[in-house]
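Chemist: Each number in the numbering used here corresponds to the 1-based position in the sequence shown with 874 added.
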Amino acid sequence: MSNFSDDDDDEPIALSGGALAALQEFLKEKEAAEERFQALKQAAEEKAAAVAAANAAHEADAARLLALKAVAIPADLAKTIDISDFKEDWQLSQFWYNTATRDAFSNEAIAHTSDGGRIGCVSSPSAFVTLKRMDPANRDLFVFEFDKRFDIYGREFVFYDFNHPTSLDEFAGSRPLKGTFDFLIVDPPFLSDECWTKTAQTVKWLIKPDTGKILVNTGQVMGPRVCSMLGCTLTSFLPMHQNGLSNEFRTYVNYKSMAFPALSSTKK
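1) I'd like to check one pair, V1017 with R976: are the Cβ atoms closer than 9 Å?
2) Determine the contact status of V1090 and T1125, defining contact as a CB-CB distance below 9 Å.
3) Cα separation between H1115 and S958?
4) What do you reckon, are the CB atoms on G1093 and F1134 nearer than 9 Å?
5) Can the beta-carbon of N1037 be found closer than 9 Å to that of K1078?
6) Looking only at DSSP bridge pairs, what is T1107 linked to?
7) Excluding the five sequence neighbours on either side, which residues of its own chain have a C-beta within less than 6 Å of the C-beta of D989, listed in chain order?
8) If we count the other Cβ atoms within 10 Å of its Cβ and call it buried at 16 or more, is L939 buried or exposed?
9) If you draw a straight line from the C-alpha of L1042 to the C-alpha of L1051, how long is it?
10) Based on the DSSP secondary-structure assignment, which residues constitute the bridge partners of D1014?
11) Compute the Euclidean distance between the alpha carbons of A949 and K1006, then round it to the nearest angstrom.
12) Give the secondary structure of N972 by DSSP, where H, G and I count as helix, E and B as strand, and everything else as coil.
13) Does T1092 come out as helix, strand or coil in the three-state DSSP assignment?
14) Going along the chain, which residues of its own chain have a beta-carbon closer than 8 Å to the beta-carbon of M1096, five neighbours each way excluded?
15) To the nearest angstrom, report how far apart L966 and L1104 are at their CA atoms.
16) Note the first and the last residue of the continuous alpha helix (DSSP H) segment covering A1057.
17) Looking at the secondary structure, which residues open and close the alpha helix (DSSP H) in which F1002 lies?
18) Consult DSSP for I947 and reduce its assignment to one of helix, strand or coil.
19) How is the beta strand (DSSP E) around F1033 delimited, first residue to last?
20) By Cβ distance below 6 Å, which residues in the same chain neighbour S998 in space, the five residues on each side in sequence not counted?
21) Excluding the 5 residues preceding and the 5 following A978 in the sequence, name in chain order all residues of the same chain whose CB lies nearer than 6 Å to its CB.
Shown next, in the form of structure tokens:
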């Protein structure tokens, strides 16, 4: 028998002064981040509308461009957006890379593409945001992502659900995607055989046959699948996330790289 009465059970749990202050600070930061994101979204929409109007001969054409999100936000605005403006959604398995890792992936993609090259970030929005801030010359950048907050990037955002590996909107042929990418940064959202198998289908659909380069960041447990399905090799690079993860992550590539040297195949 319990020594507590029913009245005792109904008493509200009181937070300590320190815990209450921490909670209030967390809620304040969350509200401020949301306000900044909404301001960025509004600015992106306004500038996209201006670009669409400038590129269209008629008002109806501008409306159609916007409806298709066929314009990208201007580079000057993209340079002001940081991944910190997008709070991680753990329900979507979002864990952003730290600055050093984001920079390493982005610089690698730029170094291994030439003028007119096309770089895609598959479930790797933090790398994409970094690339947009770097604003590499004459590169076509895309992010393939389930989180529609990233649609502020207009035509450079492609809604992506790994459950439908090749159902990617090409705007009726005006935004070709299949077999057009020179470099892909890939980070499947879940460490499961199903997620990786379907993500690999997406990669094979997007990458240029024979010449396309692939950089994969995922849990070490998925290493054998990465290597067998995409012809990748384990590298010595150790990717890090800004808030830490309990799972050990590793980086794999399907090409020779000075920045991401391969380890012995016995260490996969």
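All C-beta atoms in this analysis are idealised placements derived from N, C-alpha and C, irrespective of residue type, glycine included.
Modeler: Answer, in terms of the structure:
1) no
2) yes
3) 13 Å
4) no
5) no
6) V1127
7) N1012
8) Unreliable positioning characterises L939 in this predicted model, as indicated by a pLDDT of 47, which lies under 50. The coordinate reading is nonetheless provided below. It counts as buried.
9) 8 Å
10) R992
11) 7 Å
12) coil
13) strand
14) P1062, L1065 and W1070
15) 24 Å
16) In the sequence as displayed, the identity of residue 1057 is Phe instead of Ala. Note, F1057: premise wrong, no alpha helix (DSSP H); beta strand (DSSP E) at F1057 to V1060.
17) P999 to M1008
18) coil
19) F1031 to F1033
20) I1059 and D1061
21) none
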